[in-house]
Every structure is written in C-alpha cells, then in structure tokens.
Amino acid sequence: MSALLEVSGLNKHFGGLQAVRDVSFSIEPGEIVGILGPNGAGKTTLYNLLTGFIPFDSGSVVFKGRNLRGLAPYRIAGLGISRTFQLCRPFIGMSVLENAVVGGLGAQGIDRSDLDQRALALLDQVGLGGKALLPVETLSYGDQRRLEIARALAAKPALLLLDEPFAGLGSGEINDLSALIRSVHAEQGLTVMLIEHKLHEFMRLVDRVIALDFGEMIAEGTPEDIVRHPAVIEAYIGRGDEQAEEQTDAA
Ligand SMILES: Nc1ncnc2c1ncn2[C@@H]1O[C@H](COP(=O)(O)OP(=O)(O)OP(=O)(O)O)[C@@H](O)[C@H]1O
Ligand SMILES: [Mg+2]
48 MSALLEVSGL NKHFGGLQAV RDVSFSIEPG EIVGILGPNG AGKTTLYNLL
98 TGFIPFDSGS VVFKGRNLRG LAPYRIAGLG ISRTFQLCRP FIGMSVLENA
148 VVGGLGAQGI DRSDLDQRAL ALLDQVGLGG KALLPVETLS YGDQRRLEIA
198 RALAAKPALL LLDEPFAGLG SGEINDLSAL IRSVHAEQGL TVMLIEHKLH
248 EFMRLVDRVI ALDFGEMIAE GTPEDIVRHP AVIEAYIGRG DEQAEEQTDA
298 A
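According to our numbering, the residues represented by the sequence shown are 48 to 298, in order.
Okay, structure coming up:
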C-alpha cells in the first residue's frame with residue numbers, strides 16, 4: 048500500500064526556536080494517527096506546515112504522490128487535506144449552515160449547487176441539523192466544536208487533521224464527539240490525524256501515536272507502547288510539568 052501522506056526531514060524555525068526538527072513519518076490510508084506532546088512541542092506547527100498555513104524551511108510533504116511545497120492552503124484543502132483549529136473560528140454574522148457551506152467552497156468534485164445539501168447532511172450527522180438556520184454565535188462551545196468538524200468535512204477530505212477537538216468539553220460531550228470521529232472514519236474511510244491532550248479518549252481513538260517533544264519525534268508506536276515509552280514518560284512527567292502530570296493521571 049502506498050502512503051497517503053509522506054513527511055520527510057521537515058524543519059521549521061521561528062527566530063532562534065526550532066519548532067519542528069527533522070520530522071519524518073508516513074500515514075497510510077484509513078489510519079487514525081495521534082500526535083502527542085506537551086505544550087509547545089510543535090504539534091500545531093506541524094499541522095500549519097502540512098496545510099500550507101506557514102512555509103517549511105526544508106524537508107518535503109508528499110500527499111497522494113504530490114509534493115505540497117509552496118502550495119497555498121486553499122490548494123492543499125482542494126487536494127483533500129482539511130483541518131480544524133485549536134481555537135474555533137466561526138464566521139460571525141453567518142448562519143450555522145453558511146459556516147458549513149464555506150468549508151466546501153473550492154473543493155474538487157463538489158458541484159456548487161450541491162453544497163447546501165451536502166452541508167445540511169453533514170450538520171445532521173454532527174447533530175446540528177436542527178440548528179442549521181440559527182446565527183452561528185448562538186451555538187454553545189460544544190456545538191461550535193461539532194460545526195468545526197462539519198465544516199472540515201464539507202470539503203470531502205481524504206485526510207482530516209483535528210487539533211484538540213475535545214478542549215473545553217465535558218466528558219459527555221467528549222464521548223459524543225469521539226463517537227462522531229469514529230463514525231466518519233468508518234463510514235467515509237477517512238484518514239485522521241488527532242492532536243489531543245485528553246489522553247484517555249485519545250489513546251482509545253488512535254491506531255498509532257507519533258510523539259513530539261521540543262519539535263523532535265521522540266517515539267512512534269501503538270498506544271500501548273507509547274504510554275510505556277521512557278522518552279514519552281520523561282517528556283510528560285520527568286520535568287515536573289503539573290499540567291502534564293494531571294493529563295497522564297487522567298489516562
Ligand atoms: N508563528 C509563530 N511565531 C513564533 N513562534 C511560534 C509560532 N507558532 C508557534 N511558535 C512557537 O513554536 C513552538 C511550538 O508551538 P506549537 O503551537 O506548534 O505547539 P503545540 O505542540 O501545538 O502546543 P499546545 O499543546 O500548547 O497547543 C512554541 O514554542 C511556540 O511558541
Ligand atoms: Mg497546539
């Protein structure tokens with residue numbers, strides 16, 4: 048099987064800070080791959096590099112056999128990589144439906160006239176069908192997280208990058224959103240990358256984990272291997288990071 052995404056020797060620095068250092072991995076079609084790492088490890092930066100939001104210094108990103116270097120975010124989205132954001136950014140002043148429709152604009156193989164229908168079906172799928180015509184600012188935080196996923200799916204991606212989808216949600220909402228991620232993965236054969244600090248749900252969702260620390264890959268393996276990996280334990284609790292300790296306890 049040829050890889051869906053092939054990342055080789057990726058580097059990005061901000062001034063004197065090496066945010067991503069020589070990162071290489073590949074993702075096979077249909078996998079759910081977790082990106083793990085403490086705050087500031089370079090996880091969101093990695094997504095920004097994969098989606099063209101910021102340029103990388105060196106290395107390569109090849110998606111479906113195509114080199115993505117230098118392509119604008121809308122071109123990369125059009126080729127089939129969608130993302131959600133760590134902080135929800137709905138388009139205020141528009142309806143929930145309009146927000147979902149925007150996600151499908153410019154995607155390959157979707158007719159403009161089908162966009163409303165497709166967005167409505169996705170809103171139904173994420174449990175927002177009844178709220179489609181409401182102003183987006185009336186949504187609760189949990190609903191905004193669901194809308195983020197509907198918006199990202201509107202582009203019919205082959206690869207969905209989720210950046211802390213559970214942040215700020217209660218345990219019931221996290222369970223619902225996990226089930227949603229599982230169902231879109233299973234029903235649409237979607238390949239998923241997941242960044243998440245809620246380790247308990249994270250480890251249950253992912254097939255494989257890539258662990259980063261200070262921009263470098265420190266481990267890669269199954270969830271079972273990763274929780275026992277000395278470098279991961281060191282990154283999370285070895286340096287007495289209180290937040291990380293809480294997260295590890297929760298797992
Ligand atoms: N645009 C930028 N300019 C300068 N520094 C940046 C920029 N984006 C990220 N950084 C820095 O790069 C490092 C990695 O940041 P990044 O946001 O990728 O971390 P993260 O792993 O997503 O962390 P978190 O779990 O807190 O979201 C951090 O030290 C951050 O301050
Ligand atoms: Mg981040």
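Here a beta-carbon is modelled for each residue, glycine too, at the ideal position from N, C-alpha and C. Owing to the predicted nature of the structure, the values given are computational and were not obtained by experimental measurement.
Counting only the same chain and skipping the five closest in sequence on each side, list residues whose C-beta sits under 7 Å from that of residue i.
i	result
Gln191	Cys135, Pro137
Ala66	Lys59, His60, Gly89, Thr92, Gly262
Gly77	Gly236, Thr238
Ala199	Ser129, Arg130, Thr131, Gly150, Leu207
Leu169	Ala147, Ala197, Leu200, Ala201
Asn222	none
Gly189	Leu216, Glu220
For the alpha helix (DSSP H) that residue i lies in, which residues bound it at each end?
i	result
Ala201	Careful: Ala201 lies outside any alpha helix (DSSP H) and carries neither H nor E.
Arg165	162 to 172
Arg275	270 to 275
Ala147	143 to 149
Might you give, ordered along the chain, the residues of its own chain that have their beta carbon closer than 8 Å to the beta carbon of residue i, omitting 5 neighbours on each side?
i	result
Ala297	A caution first: Ala297 carries a pLDDT of 47, below 50, which makes its placement in the model too unreliable to give a value.
Tyr121	Gly153
Met141	Val149, Pro182, Val183
Is it buried or exposed for residue i, if we count other Cβ within 10 angstroms and need 16 for buried?
i	result
Pro277	exposed
Leu57	buried
Asp171	exposed
Leu216	buried
Asp161	exposed
Glu184	exposed
Glu271	exposed
Ala202	buried
Pro212	buried
Asp158	exposed
Ser251	Per the sequence presented here, residue 251 reads as Arg, with Ser not at that position. Exposed: under 16 other Cβ atoms inside 10 Å.
Pro204	buried
Give me the residue from the options with the minimum Cα distance to residue i.
i	options	result
Leu259	Arg251, Glu243, Leu252	Glu243
Ser55	Arg116, Gly62, Leu162	Arg116
Asp69	Ala50, Leu51, Phe249, Leu96	Leu96
Leu144	Phe110, Ala166, Gly219, Gly189	Ala166
Output the boundary residues of the beta strand (DSSP E) element that contains residue i.
i	result
Ser129	128 to 130
Can you list, in chain order, the residues of its chain with a C-beta nearer than 6 Å to that of residue i? Leave out the 5 residues immediately preceding and following it.
i	result
Arg255	Val80
Gly99	Leu118, Ala119, Pro120, Ile123
Val274	none
Notebook entry, point to check: Fully enclosed by the stretch 59 to 124, which beta strand (DSSP E) runs are 3 residues long or longer?
Noted result: Listed in chain order, the complete beta strand (DSSP E) runs (minimum 3 residues) inside the stretch 59 to 124 are 64 to 74, 79 to 83, 105 to 110.
**OP:** Note down, one range per segment and in chain order, each alpha helix (DSSP H) of at least 4 residues found wholly within the stretch 236 to 266.
**Re:** Listed in chain order, they are 246 to 252.
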